Amino acid sequence: MLNLAPGVRYKTRIDGSLLFFDTRSCRYVSVPSSVAGLLSQDGGGATSRRAVRSLAEALAGNGLLADPGQPGPVFSIPSPAPLEPPLDEAFLEVTRRCNLQCSHCYQQGNALPQQELGTQPLLELIDRLAESGILQLKLTGGEPLLRSDLPELISRARSHDIATRLYTNGLGVDPRKARCLAEAGLNEAQVSIDGLRDETYASIRRRGILAEATAGIAALREAGIAVILSFTVTEANVGDLPLLDDFVRTHRVQVCVSPYLDYRVLSCSRGPSRGEFPATDILTATLAAFTRLKPLWTRKTRLTQLLPPSWFSFCGAGVTSCYITCSGRVALCPLLQEGFEAGHIDDLKSAWERSPVFLRLRSTNVLDTPACGRCPHLVWCRGGCRARALIYGGDLLGPDPVCCWMHGRLTGAGEGRPQTWGVP
Ligand SMILES: C[S@@+](CC[C@H](N)C(=O)[O-])C[C@H]1O[C@@H](n2cnc3c(N)ncnc32)[C@H](O)[C@@H]1O
Ligand code: SF4
Ligand code: SF4
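Residues in the sequence shown are numbered consecutively from 480, following this note's numbering.
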């Protein structure tokens, strides 16, 4: 019998695999559907016993088994998922208010006046998300720290053994506030710092001081919260990227570097208009930073990346994850909100299961799409970001032109645009 460590949950995913997920450390073990079937054979034969033994080894190796003698929940095959397909993670936009006005922020494009959900409706929503089987809740904004009930929201999620990640600009996080977030059970904080010199930081974030954000990171780390530094590359800060290596090593953080997305086309006509593709120096520097800092890269997309080729589903938006706006609308992802809404959280099941846009994404196997399906980079790229595909390529189900460019460079094949890729 497998005695799981406290905080370890397991669920069946969209591809029929079984995922064991430690909601404290965010470590996991994934069991392919073919092997998961063997585990459920009661009494089982030798093959079945071997499968259980190797699962036990994998779980123990990742710290997912309780110490001998320590009680923990015992593993048994999960009942069918409450949502079809299973929802693994959700972004929860707790507010659109912000203490900054960053020059690159997509929320300016999406900031239609919205009624913000109060504490009680948000707590009930978290209960509902727990019932729906999510493993990870990503609290975002605006600036989530502007809500004084944030620790209460985190603590409710953690009481359901849901892992939590906070997206924040890190301003105003002193040791007391960091301890309060840690005591609520916050697992990870993704802190945006888009400039490593005072002038650059100020030119992008407009208000706020680099030293204050840096102190926020230190306080979060000191309180025992894992920190991911997020650096969005624009023309204004691309020159600071070489400073990033020292910064992330000094502060012992993971990192996520990505080029700015031209959100402006999303706020006007979506039609045939395209966003302005990032300049070559931005993409080149982003790729160089990615290559240098790969070992410190965030585990951000790993859950989606665990899916096998037959379930390649681009970034997972609408397939394994969704975005919930501050007024309770269910949408695709942070960038694809307006026009990509599936319904209201009062009927999460029908929003998730019957939204035409979600169904369209789910019924598209990336292996069958003309460009990605024949692309040699698919195994690493997985088809990329849906917002970038739409903004730069004009097609929600098309390739992500930024990924095409990056993979083209990595393999020395030139600065490929989508039409270059996928051609055998
Ligand atoms: C909207 S913010 C919300 C959380 C918090 N206020 C913060 O700044 O981290 C979430 C993340 O989106 C990034 N972001 C905003 N606009 C973007 C854009 N146009 N392209 C790429 N990333 C963007 C921010 O830099 C930040 O890392
Ligand atoms: S702090 Fe975050 S939400 Fe606020 S303007 Fe900047 S990127 Fe946008
Ligand atoms: S590199 Fe481009 S064509 Fe290839 S899988 Fe990625 S997005 Fe698709």
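Even glycine gets a Cβ: it sits at the ideal position worked out from N, Cα and C.
What you are looking at is a predicted structure, and each value in this text was computed from that prediction instead of being measured.
- The stretch 703 to 716 makes contact with the stretch 725 to 738: 3 or more CB pairs, one atom from each, lie closer than 8 Å.
- Burial state of Gln586 is buried, judged by a 10 Å Cβ sphere holding 16 or more other Cβ atoms.
- Assignment of Gln580 by DSSP, reduced to helix, strand and coil, places it in the coil class.
- For Arg841 and Val798, the gap between their C-alpha atoms comes out near 6 Å.
- Taking 8 Å as the cut-off, the C-beta of His583 counts as close to a heavy atom of ligand 2.
- Contiguous alpha helix (DSSP H) elements confined to the stretch 803 to 852 occur at 827 to 833 and 835 to 841, taking only those with 4 or more residues.
- Taking 8 Å as the upper bound for CB-CB distance, Gly863 and Val836 are not in contact here, some 18 Å apart.
- Taking the Cα positions, Leu518 is about 31 Å away from Cys860.
- Pairwise C-beta distances place the stretch 714 to 725 in contact with the stretch 757 to 770, as three or more of them are shorter than 8 Å.
- Relative to the non-hydrogen atoms of ligand 2, the Cβ of Arg684 comes within a distance shorter than 8 Å of at least one.
- When DSSP states are grouped into helix, strand and coil, Thr647 belongs to the strand group.
- Where Lys490 is concerned, the enclosing beta strand (DSSP E) starts and stops at Val487 to Thr491.
- Its Cα nearest to that of Ile556, the residue Phe499 stands out among Cys505, Phe499 and Asp546.
- Pro757 sits in coil when the DSSP states are folded into three classes, being neither helix nor strand.
- Not one heavy atom of ligand 1 lies closer than 8 Å to the C-beta of Leu616.
- Relative to the non-hydrogen atoms of ligand 1, the Cβ of Thr711 comes within a distance shorter than 8 Å of at least one.
- When the Cα atoms are used, Ser671 and Ser611 turn out to be separated by approximately 30 Å.
- In this structure the stretch 658 to 672 lies against the stretch 641 to 650, because at least three pairs of beta carbons, one per stretch, are closer than 8 Å.
- DSSP lists no bridge partner for Glu563.
- Membership of Lys617 in the beta strand (DSSP E) is indicated by the continuous run Gln615 to Thr619.
- Asp653 has no beta-bridge partner at all, per DSSP.
- Residue range Arg865 to Gly872 is occupied by the alpha helix (DSSP H) that includes Tyr871.
- For Ile672, DSSP assigns no beta-bridge partner whatsoever.
- Here Gly486 has Asp501, Thr502, Arg503 and Asp640 as same chain residues with Cβ atoms under 7 Å from its own Cβ, once five neighbours each way along the sequence are excluded.
- The beta carbon of Gly551 sits closer than 6 Å to those of Asn482, Leu483, Ala484, Pro485 and Ala545, all from its chain and outside the five residues before and after it, given in chain order.
- With distances taken between CA atoms, Ala661 lies nearest to Arg700 out of Arg626, Arg833, Arg529 and Arg700.
- Its chain contains Ala698 as the residues whose beta carbon lies nearer than 6 Å to that of Pro654, once the 5 sequence neighbours on both sides are disregarded; these appear in chain order.
- For Gly852, same chain residues with a beta-carbon under 6 Å away, outside a window of 5 residues either side, are Leu846 in chain order.
- A residue is called buried when at least 16 other Cβ atoms come within 10 angstroms of its Cβ; Ile688 does not meet this threshold and is exposed.
- For Tyr489, the CB contacts under 8 Å within the same chain, skipping 5 residues up- and downstream, are Leu483, Leu497, Leu498, Phe499, Phe500, Phe554 and Pro557 in chain order.
- With a threshold of 16 other beta carbon atoms within 10 Å, Thr647 meets it and is buried.
- In this structure Asp874 does not touch Ala866 by the C-beta definition: roughly 12 Å separates them, more than the 8 Å allowed.
- Using a C-beta cut-off of 8 Å, the stretch 814 to 833 makes no contact with the stretch 777 to 794, since fewer than three inter-stretch Cβ pairs fall below that distance.
- Between Arg576 and Gly621, the gap from beta carbon to beta carbon is short of 9 Å.
- The criterion of a C-beta distance shorter than 9 Å is satisfied by Leu618 and Leu629.
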